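A quick write-up on the structure given underneath.
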Amino acid sequence: MDKLLLWMSVFTSLLSAFAQTDLKQKVFVFPRESEIDHVKLTPHLEKPLQNFTLCFRTYSDLSRSHSLFSYSVKGRDNELLIYKERVGEYSLYIGQSKVTVHGKEEPLSPVHLCTTWESSSGIAEFWVNGRPWVKKGLQRGYTVKAPPCIVLGQEQDSYGGSFQKTQSFVGEFADLYMWDYVLTQQDILLAYMGSPVNPNIIDWQALNYQINGYVVVRPRVWD
Ligand SMILES: *[C@@H]1O[C@H](CO)[C@@H](O)[C@H](O)[C@H]1NC(C)=O
Ligand SMILES: [Ca+2]
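If you read the sequence shown in the UniProt record's numbering, its first letter stands for residue 1, the second for the next number, and so on.
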């Protein structure tokens, strides 16, 4: 009997470890400001990254700065971080270094954001609603370490924790995809239109996630 219970618990934990949900046309709602509420992602990523593309949509009425995507590794909290400073201003951190980009953006509107980075050149690109902003560069020659702890809704100051209310995300978050290479302009536009091609690290349509605190899944009623 004990053995049966043991196997059942092994089986259920395996199931939850590999449970994948199709969130197409859904959002995560982060309905309040807190230092608790967040979603943890566990992608199958063991290899360090030389290149990546990250895309997602947000809809928020926050005016203060806030975290959008927090990827930490043991010993380095800002290994890959996308942080919104204000309307028309975003920062990308790679291995604790930071670059800030500026561009035209409408306040209080849904945003589709893609960020790419390539180690060999260090070039970072931000694409906002399918439009490229001025390129910048950082951490040329670096590799982004793995395996990560990825958190939505909060900004990590330690591996998987040390959140601050003043950096939390409040609003709706959707369509998160990640690739281990730099997408072409054409593929960025496809992601913007809602047809991402072969996302091989994170796939919103087969997402492995864990909700912590007050986060709710709802249909996406905006685009
Ligand atoms: C990263 O991109 C560069 C050129 O853009 C390429 O030469 C390199 O092989 C890529 N690295 C990996 C691991 O795919
Ligand atoms: Ca941090």
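Note that beta-carbon positions come from the ideal geometry of N, C-alpha and C, so glycine has one too. Fair warning: this is a prediction, and the values are worked out from it, not measured in the lab.
Practice problem: For Q156, count neighbouring Cβ atoms within 10 angstroms of its own Cβ and tell me buried if that reaches 16, exposed if not. | Solution: Locating residue 156 in the sequence shown gives position 156, counting from the first residue. Buried, because 16 or more other Cβ atoms sit within 10 Å of the Cβ of Q156.
Self-check item: Cβ separation of V29 and V215, assumed to be a contact under 8 Å, to the nearest whole Å
Solution: Numbered from its first residue, the sequence shown carries residue 29 at position 29. Numbered from its first residue, the sequence shown carries residue 215 at position 215. Yes, they are in contact, since the Cβ atoms of V29 and V215 sit about 7 Å apart, within 8 Å.
Practice problem: Verify whether the separation of the beta carbon atoms of R57 and P110 is less than 8 Å. | Solution: On the sequence shown, position 57 is the one that residue 57 refers to. On the sequence shown, position 110 is the one that residue 110 refers to. Yes, the Cβ-Cβ distance between R57 and P110 is below 8 Å.
Exercise. Might you give, ordered along the chain, the residues of its own chain that have their beta carbon closer than 7 Å to the beta carbon of V197, omitting 5 neighbours on each side?
Key: Taking the first residue of the sequence shown as 1, we reach residue 197 at position 197. Spatial neighbours of V197 in its own chain (CB-CB distance under 7 Å, excluding positions within 5 residues in sequence) are listed in chain order as D187, L190.
Self-check item: Ranges of the alpha helix (DSSP H) found wholly within the segment 55 to 89, counting only runs of at least 4
Solution: None, since the segment 55 to 89 contains no complete alpha helix (DSSP H) of that length.
Quiz item: Mind checking whether the beta-carbon of E125 lies closer than 7 Å to any heavy atom of ligand 2?
Solution: Position 125 of the sequence shown, counting from 1, holds the residue named residue 125. Relative to the non-hydrogen atoms of ligand 2, the Cβ of E125 never comes closer than 7 Å to any of them.
Quiz item: With distances taken from CA atoms, which of Q164, I211, A174, D180 is nearest residue 225?
Solution: This structure leaves residue 225 out entirely; the chain is present only between 1 and 223.
Quiz item: Do the CB positions of W204 and T53 come within less than 8 Å of each other?
Solution: The residue you call residue 204 lines up with position 204 of the sequence shown. The residue you call residue 53 lines up with position 53 of the sequence shown. It is not a contact, given that the beta carbons lie outside the stated cut-off.
Practice problem: For S156, verify whether its CB is less than 7 Å away from any heavy atom of ligand 2. | Solution: In the sequence shown, residue 156 corresponds to position 156, counting from 1. Checking the sequence, you will find Gln at residue 156 rather than Ser. Result yes, Cβ under 7 Å from ligand 2.
Quiz item: Counting pairs of beta carbons, one from the segment 117 to 129 and one from the segment 88 to 101, are three or more of them closer than 8 Å?
Solution: yes
Practice problem: Measure the Cβ-Cβ separation of K40 and P219 and say whether it is below 8 Å. | Solution: Here residue 40 is taken as the residue at index 40 of the sequence shown, counted from 1. Here residue 219 is taken as the residue at index 219 of the sequence shown, counted from 1. Not a contact, by the Cβ cut-off of 8 Å.
Quiz item: For I150, which beta-bridge partners are listed by DSSP?
Solution: Sequence index remark: in the sequence shown, residue 150 carries index 150 (1-based). Note: I150 is bridge-paired with L41, Y71 in the DSSP secondary-structure output.
Quiz prompt | Euclidean distance between Cα positions of V134 and Y71 | solution = Position 134 of the sequence shown, counting from 1, holds the residue named residue 134. Position 71 of the sequence shown, counting from 1, holds the residue named residue 71. Cα-Cα distance, rounded: 24 Å.
Quiz item: Considering only C-alpha positions, which residue in the set S121, S97, Q50, I82 is nearest to C114?
Solution: Sequence index remark: in the sequence shown, residue 114 carries index 114 (1-based). For the residues S121, S97, Q50, I82, the minimum Cα distance to C114 belongs to I82.
Quiz item: If you run the structure through DSSP and keep just helix, strand and coil, what is I201?
Solution: Here residue 201 refers to the residue found at position 201 when the sequence shown is read from its first residue. Coil, per DSSP.
Self-check item: T21, buried or exposed, once every other Cβ within 10 Å from all chains shown has been counted against 16
Solution: Reading the sequence shown from its first residue, position 21 is the one you call residue 21. Classification for T21: exposed.
Exercise. With a cut-off of 8 Å on the beta carbons, I'd call A146 and L68 a contact; round off their distance for me.
Key: Residue 146 sits at position 146 when you count from the first residue of the sequence shown. Residue 68 sits at position 68 when you count from the first residue of the sequence shown. Not confirmed; about 20 Å, so no contact.
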